[in-house]
Amino acid sequence: MQNSSFTDIVEGNNLVIIDFWAEWCGPCRAYAPVFERVSEEFPDVVFAKVDTEVEQALAGSFGIRSIPTTIAFKEGIGVFMQPGALPEDALRDLIGKLQELDMDEVRAELDERDSEELA
């Protein structure tokens, strides 16, 4: 995924899981087949990879300090971010929970938080 297509992909799909990685990163190379296997189990979820060496500005905009880092967006809203390689079962469980996530509740919580910050 490139910076130029990021917004279209995140906003144009219900659930997007992104792996921020780099070629030189050993844990990233170990996580890649896990990410690939799980992606094949969830055809309705968009799985994308961002090479942090190529897309430094995009990685920087999320404050990526260690890789791999997994970020998830649902309905265009960032709902999960965790550095480190996720175990295969944990990635599956995460996707299941995100599919069930009530985005009306998430939006209400975000609106409430924004209102409190303005007060």
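Using my numbering, the letters of the sequence shown correspond one by one to residues 5 to 123.
Cβ coordinates follow ideal geometry from the N, Cα and C atoms, glycine included.
Quick caveat: nothing in here was measured; it's all calculated off a predicted structure.
Beta-carbon spacing of residue i, residue j below 9 Å
i, j, result
"I99", "A52", "no"
"L19", "A76", "yes"
"E15", "G80", "yes"
"F10", "L95", "no"
"E27", "E59", "no"
"F135", "T74", "As shown, the chain starts at 5 and ends at 123. That puts residue 135 outside it, with no answer to give."
Coil, strand or helix - residue i by DSSP
i, result
"F39", "helix"
"D23", "strand"
"F10", "helix"
"D115", "helix"
"C32", "helix"
Top-ranked residue by Cα proximity to residue i, from the options
i, options, result
"P91", "D106, G80, L114, P72", "P72"
"N17", "L122, G82, D97", "G82"
"S70", "E45, L95, D93, G30", "G30"
"K101", "K78, S119, R117", "K78"
"E104", "V49, A63, I13, L62", "V49"
Scan the stretch 50-112 and note each continuous alpha helix (DSSP H) run of 4 residues or more that stays entirely inside, going in chain order.
-> The qualifying runs are 60-65, 92-104.
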